[in-house]
Amino acid sequence: LELEQGLRKALEQQEFDLYYQPKIHIRTRKIIGMEALIRWQHPELGWVSPGEFIPIAEETGLIFSIGEWIMRMACMQNKAWQSQGYPPVRMAVNLSLRQFNQEHFVSGLAQILAETGLDARWLELEITESIAIRNEKYVINRLQAIKELGVSISIDDFGTGYSSLSYLKKFPIDTLKIDRAFVRDIAKSSDDTAIVQAIIAMAHSLKLRVLAEGVETKEQLAFLRRHACDEAQGYLFSRPVPADGMEKLLSRRIPLK
Ligand code: G
Ligand code: G
Ligand code: MN
Ligand code: NA
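Residue numbers (UniProt numbering): 562 to 818.
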């Protein structure tokens, strides 16, 4: 309850901030995108993890106003970096199921893109497999409407959610993000080795890009490179950093790792 009351005030008190974590193209080792991650500094409790407050925001419906703030902020920041001459990269925003299902979500998204002047090709939405629990036609229509704006779509935490894979060939998605639980032991566990190899092969045969989350070691990266995984993200490259930290990463000429 304390968190809920705090959340109600957090937007107007400007207690939220966005951090950013780079996504690396494995073959060229360049930053090709980033994921925006919300951070909350509560006046008394200090940093509260989004793992703790996002579920509360979802239950209370506060996710609509917080999510809109995140979307506007992420688009504005990406546009500002492009205007300042940083190399253009895709900005990924995590989307809650409730936002995806919100009646006027797509028109709201179009409005934020217009307001901020960000070209839609530099925006990506990360959604989980949980979208697939609704009527298939409804989900496909909604994804199609997002794609028609020019925004790309990735499936976050892939492999942990919905049990049927049949949606993969029907939904207009661009990227699978392999959940970090599978990536953690790829160099050690033969089960995870097999799962990650299979996801990469399946993604490619469906003409999807595939990203490995939670890459922390050079051994994991070497495995992913050998198995032609396209992109990677994780502490090996960078933790999520505030905007000024991302500016340093974007202006770095040497390739990461
Ligand atoms: O950043 P961190 O690892 O603490 O995130 C924990 C969880 O919170 C993750 O599942 C992540 O997807 C989620 N999360 C982080 N930022 C956002 C956000 O901006 N919007 C939504 N909906 N979820 C987020
Ligand atoms: O659910 P989602 O994938 O959006 O969650 C993103 C979260 O994963 C972020 O909060 C981020 O802090 C965390 N994360 C990013 N890279 C790594 C990593 O290499 N190892 C671990 N353990 N967590 C990571
Ligand atoms: Mn994510
Ligand atoms: Na994830």
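Backbone N, C-alpha and C fix where the C-beta goes; we use that ideal spot for every residue, glycine too.
Bridge partners of H765 according to DSSP: none are assigned. W642 and E573 have their C-alpha atoms spaced approximately 25 Å apart.
Proximity to K809 across E563, P583, D578 and L562 peaks at P583, based on C-alpha coordinates. Going by beta carbons, L684 and C636 fall inside the 8 Å limit. Nearest Cα to Q638 within the set I615, T621, A618 and I673: I673.
Closest by C-alpha distance to L704, out of N662, L568 and V654, is N662.
Beta-bridge pairing by DSSP links P648 to no other residue. With contacts defined as CB atoms closer than 8 Å, K640 and G678 qualify as a contacting pair. The alpha carbon of S766 has as its nearest neighbour, out of L737, A773 and T778, the alpha carbon of L737. D578 has its CB no nearer than 7 Å to any heavy atom of ligand 2.
The Cβ atoms of L785 and I592 lie no closer than 8 Å to each other. Relative to I624, the option among E792, Q645 and I599 whose CA is nearest is I599.
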